[in-house]
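Counting in UniProt numbering, the sequence shown runs without a single skipped number right up to 297 at its last residue. The beta carbon of each residue, even a glycine, is placed where N, CA and C say it ideally should be. Read the structure below first, then the notes.
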Amino acid sequence: MTSVDLVADLTTRAVHVGANVGLWPGLTIYRFTEPTEPEWQEIRGLSIGVVAQGRKAVIDKGRRYVYDQFNYLVINGDLQFQSEVLEASPGRPCLCLVLEVDPSTVRSISDKMPGQRRISTGALRELAETCVISTLDDEVLSSVLRFLRSLSTDVERRVLAPLYQRELVYRVLQREQFARMLHFAEQQAAGNPIRAALIYINAHLADPITVATMAAQVGLSPSAFTRTFREVTGSSPYQYVKDVRLNRARELVIDRRLGVSEIAHRVGYTSASHFIKEFRNRFGSTPRDYCNGTTNR
1 MTSVDLVADL TTRAVHVGAN VGLWPGLTIY RFTEPTEPEW QEIRGLSIGV VAQGRKAVID
61 KGRRYVYDQF NYLVINGDLQ FQSEVLEASP GRPCLCLVLE VDPSTVRSIS DKMPGQRRIS
121 TGALRELAET CVISTLDDEV LSSVLRFLRS LSTDVERRVL APLYQRELVY RVLQREQFAR
181 MLHFAEQQAA GNPIRAALIY INAHLADPIT VATMAAQVGL SPSAFTRTFR EVTGSSPYQY
241 VKDVRLNRAR ELVIDRRLGV SEIAHRVGYT SASHFIKEFR NRFGSTPRDY CNGTTNR
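Printed below as a string of structure tokens:
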């Protein structure tokens, strides 16, 4: 199995330009026919990104992660980041996939791999990366293709796809990023207090959200919550909430169903003028101009 095989497979599955979903829970296949400017996105769960053709970049906290057909991306969940397509054309579209991975699957497989090198949580925190790039070798590529091909029939989707998805996780864990991927999975665990706080944030964007409120939700003192939140997400609680609100607002602006004042209220701003100012600072234009710009692309 080669990268040519992966291109052929994704070509048949990526029917539409942009995102193609519905083939498997947590799987999105993309087709882009031209380069794009950096756009803000949000990812909810630990995910693996693979490019079959073309080149993409993810930008998080000022750091740029570029990947193509020679490597793959592992990205932590509950993350606000920018994504851009660097190489794509109608004749040679950028073809890629993102597969969300259940953290419990990562942990259960890692428990059966006692010989793998683990590093301390403190050491991982010092690195503070939310994305990692690794070489896409033949074994990882083949496991991706086996998983995709098992989605072709209902029987194989039910019987083989879960097994091949586990194989892909195993192959990734075998590589040099074992400790970091396990760390990502632990951060995504249901019992993690910061994970609970992130769920609370997304469910209560229209409400006032303070550090004290979030800390009380997860049973921590405000100071302990702030310290732990920054260690897990790399952002302060205030900055993270602001990022989520503005990215949700961007989605609502593009949707075009609500006015600016209603969008501001939906994402927790009491002042429409303050919302417009922060939206412009983040995205480079007012909500109205941004909506018109996306419509005319």
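Bounds of the alpha helix (DSSP H) holding Ile201 are Pro193 to Ala203. Between the region 91–107 and the region 25–35 there are three or more C-beta pairs closer than 8 Å, enough to call the two in contact. Setting aside the 5 residues that flank it on each side, Leu23 is surrounded in the same chain by Arg13, Ile29 and Leu151, each with a C-beta closer than 8 Å to its C-beta; the list follows chain order. DSSP places Leu220 outside any beta strand (DSSP E), giving it a letter other than H or E. As the crow flies, the alpha-carbon of Thr105 is around 7 Å from that of Arg166. It is roughly 44 Å from the alpha-carbon of Ala212 to the alpha-carbon of Leu136. Between the alpha carbons of Gly91 and Gln69 lies a distance of about 17 Å. Boundaries of the alpha helix (DSSP H) harbouring Asp138: Asp138 to Arg149, taken from the DSSP string. According to the DSSP assignment, Ser83 belongs to no alpha helix (DSSP H) but to the beta strand (DSSP E) extending over Leu79 to Glu87. Checking the DSSP bridge columns, you'll see Gly18 partnered with Arg31. Comparing alpha carbon positions, the residue from Ser83, Ala264 and Tyr67 closest to Gly54 is Tyr67.
Between Gln80 and Asp289, the CB-CB gap reaches or exceeds 8 Å. The three-state reading of DSSP puts Tyr67 in strand, counting E and B together. Here Ile209 carries a coil assignment [DSSP, helix/strand/coil].
Glu100 is bridged by DSSP to Ser47. The beta carbons of Leu46 and Val58 sit about 14 Å from each other, so the pair does not count as a contact at 8 Å. In the DSSP annotation of this structure, the continuous segment of the alpha helix (DSSP H) that includes Val4 starts and ends at Ser3 to Arg13. The C-alpha of Gly77 is placed about 13 Å away from the C-alpha of Asn202. A straight-line Cα-Cα distance of about 18 Å links Val159 and Tyr170.
Counting the other CB atoms within 10 Å of its CB gives Ala197 a total of 16 or more, which places it among the buried residues.
For Arg256, no beta strand (DSSP E) run applies, since DSSP gives it neither H nor E. In the three-state reduction of the DSSP assignment, Gln177 falls in the coil class, being assigned neither a helical nor a strand state. The shortest C-alpha to C-alpha distance from Asn192 to any of Leu168, Val218 and Gln174 is the one to Val218. Per DSSP, reduced to three states, the secondary structure at Val132 is strand. If the five residues before and after Gln41 are omitted, its C-beta is found closer than 8 Å to the C-beta atoms of Gln80, Phe81, Gln82, Ser83 and Asn247, all from its own chain and listed in chain order. The criterion of a C-beta distance shorter than 8 Å is not satisfied by Val267 and Arg282. For Val155 and Asn20, the gap between their C-alpha atoms comes out near 22 Å.
For Ala272, DSSP records no beta bridge to any residue. Rounded to the nearest angstrom, the gap between the Cα atoms of Pro287 and Ala215 is 32 Å. The Cβ neighbour count for Leu163, taken over all protein chains shown within 10 Å, is under 16; the residue is labelled exposed. DSSP, reduced to helix, strand and coil, places Arg158 within a helical segment of the structure shown. When only Cα atoms are considered, Glu87 and Lys56 end up about 7 Å apart.
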